[in-house]
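One structure is given below, encoded as structure tokens.
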Amino acid sequence: MSFKYEKIFKEIEKAILNGVFLPSEKLPSLRKSATTYDCGISVVIQAYNKLESIGLIESVEKSGYIVRDRSETPIPAPEKVNHTLVPNITKTNLMTAEMVDMAMDKSILPFGAAIPDNSIIASKKLGSYISRKAKNNPDLFTTYTPASGSLNLRKEIVKYMYKKGVLINSEDIVITNGCSEALFISLSLITTPGDTIAIETPTYFSLISILEELNLRVVEIPTRADRGLDINNLSKIIKQNSIKALVFSSTFQNPLCSVMSPRDLESLYRISLDNDFTLIEDDIYGDCGFDKSIYRPLKSMDKFNRVIYCSSFSKTLSSGLRVGWAIPGIHTSSFRERKQISCLGGSALIQEALADFFKDGSYDSHIKLFRKKIYAQTYGIKKLLENSFSIDVKVTSPKGGYFLWVEFPIGFDSCKLYRLAYENRIGIVPGPVFSASDNYNNCIRISCASQITEATIEGLQLLGELALTCLPQCYK
């Protein structure tokens, strides 16, 4: 009988970790499970109790059992962050370039790469759309798109953004070569060298590189894993610093995967109007939620058309597409002109094929499966991490995205761990590259964008062993 109870426990545990049952989803009733597994209800109760004891499910009065939302216990905000002006950004370009090269190296375990692998993207189906479009419209090989990009694709993005509560028309959109170009053009458009820009901390390192390239000064705003950008701290900081713009992510921010509440977004919008600075919203991970919820960006609240919205399909479809877009609001005309100067036109073939992919409903079908896969991978890797580290670590419990932010004890050397891991063909990203002022040396970011394999399990076990050598002396 005990064998039967263990079998039920393991099968349901696997189903939850593989995304068969999503957060808050109801499990089969005790009676139904007893019938399915051909056993008594008492045996099923034993299995469910064990699942509840390890935090995978919870009982709801008069409703049975549901999958527990494991995002309920986020790590606290970092205690030490830089609230002051950073006049000269620390040079991170060498390490950043090394990490980009690492992401392309298939011999390295990709815990550092923010690139979804073929197991979770629609590469085959998307490829068929591109092949068909190329066969039926060979003239696309010799055609430039307009400065704003393919009209057909922009029409599909209009419909896509409508679902997010953003009401626009095709003339409001400019197609870009990924989200990074959209951000670069946005910042170059509204700033001059020496201007001060507010950013989240921690934030993604490619943004820091853009700010450095544009010779902009930075003020860092603390960001929490459980609620996103800290509005109270922002209010205090802008009283001391005159800022030209704030670059932020409202949904599944990189690296914390935090989500800002509608109330905080409304406060942020009001603060930007009162203090006359531009909001640049990066929503590249907006579709990476684990459940069916639609997260409305701040752009959906933009009554005065002042928010510059940037996004891309790189994180949900394929990074190789290099198709992003911007909704620049009152800056649309200038943005389009700047885009035309930087790049005459994009790939007509790719953009037209992508328009067909959306028009046929293939994106909606793909994203449902994509969310289940990244949920399963993220929490599968989280469990492996917790089993691999024998030291006290805190790991985020996100509701979406595909990153885990791991916080070690103060004094831990994440840059040393990065080097040791690299030597052992394991890719991770050390905390300091997510800060303009070299904070977070006791943190790392782990990407969960690749399928879990035996190599994944072995790599994380080795990472746990290497981490022991990076602790301060008092822990040894």
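Numbers 1 to 476, taken from full-length UniProt numbering, label the letters of the sequence shown in order. Backbone N, C-alpha and C fix where the C-beta goes; we use that ideal spot for every residue, glycine too. Remember, it's a predicted structure, so these values are computed and weren't measured experimentally.
- The residues 150, 152, 153 and 156, in chain order, have a CB closer than 7 Å to that of residue 355 in the same chain once the five nearest residues on each side in sequence are set aside.
- Beta-bridge pairing by DSSP links residue 289 to 400.
- In this structure, the straight-line span from the alpha carbon of residue 36 to that of residue 13 is close to 16 Å.
- Residue burial annotation: residue 430 is buried, with at least 16 other C-beta atoms found within 10 angstroms of its C-beta.
- For the pair residue 449 and residue 379, the CB atoms are not nearer than the 8 Å cut-off.
- Contact between the segment 371-385 and the segment 412-419 is absent: fewer than three C-beta pairs spanning the two stretches fall below 8 Å.
- Just so you know, the alpha carbons of residue 318 and residue 338 end up roughly 26 Å apart.
- Going by DSSP, residue 221 is part of the beta strand (DSSP E) stretching over 217-224.
- Inclusion of residue 384 and residue 460 in the CB contact set at 8 Å is warranted, their separation being smaller than that value.
- Taking a C-beta distance under 8 Å as the contact criterion, residue 296 and residue 260 do not qualify as a contact pair.
- Put simply, the backbone Cα of residue 298 is about 41 Å away from that of residue 11.
- A contact is defined here as three or more CB-CB pairs under 8 Å, and the segment 199-219 fails this definition with respect to the segment 325-340.
- Unbroken alpha helix (DSSP H) stretches of 4 residues or longer found wholly inside the segment 313-346: 332-342, given in chain order.
- DSSP places residue 445 in the uninterrupted beta strand (DSSP E) bounded by 443-447.
- Within the segment 373-420, the complete beta strand (DSSP E) runs of at least 3 residues fall at 403-407.
- Bounds of the beta strand (DSSP E) holding residue 248 are 245-248.
- Residue burial annotation: residue 42 is exposed, with fewer than 16 other C-beta atoms found within 10 angstroms of its C-beta.
- In the assembly as shown, residue 198 is a buried residue. Its beta-carbon has 16 or more other beta-carbons within 10 Å.
- With contacts defined as CB atoms closer than 8 Å, residue 257 and residue 398 qualify as a contacting pair.
- The beta carbon of residue 181 lies closer than 6 Å to none in the same chain, with the five residues before and after it left out.
- Exposed is the label assigned to residue 392, since fewer than 16 other Cβ atoms lie within 10 Å of its Cβ.
- Taken through DSSP and simplified to helix, strand or coil, residue 127 comes out as helix.
- Contact between the segment 282-289 and the segment 139-149 is absent, with fewer than three C-beta pairs closer than 8 Å.
- Residue 324 sits buried, since 16 or more C-beta atoms from the chains shown fall within 10 Å of its C-beta.
- Sorting 51, 306, 105 and 6 by C-alpha distance to the C-alpha of residue 39 places 6 at the top.
- Taking 3 residues as the minimum length, the beta strand (DSSP E) runs contained wholly in the UniProt domain "HTH gntR-type" (2-70) are 57-60 and 64-67, in order along the chain.
- Secondary structure at residue 355: helix, using DSSP grouped into helix, strand and coil.
- When C-beta atoms of the segment 353-369 are compared with those of the segment 268-279, fewer than three pairs fall below 8 Å, so the two segments do not count as touching.
- From the listed residues 179, 107 and 29, the smallest Cα separation to residue 62 is found for 29.
- Following the DSSP letters along the chain, one finds residue 200 inside the beta strand (DSSP E) bounded by residues 196-201.
- 241 is the residue among 336, 223, 241 and 255 whose C-alpha sits nearest the C-alpha of residue 195.
- In this structure, residue 411 places its C-beta atom within 8 Å of the C-beta atom of residue 472.
- At the C-beta level, residue 414 and residue 464 stay beyond 8 Å of one another.
- Just so you know, the alpha carbons of residue 281 and residue 248 end up roughly 5 Å apart.
- In this structure, the beta-carbon distance from residue 147 to residue 351 does not fall below 8 Å.
- DSSP, reduced to helix, strand and coil, places residue 146 outside both helices and strands of the structure shown, so it counts as coil.
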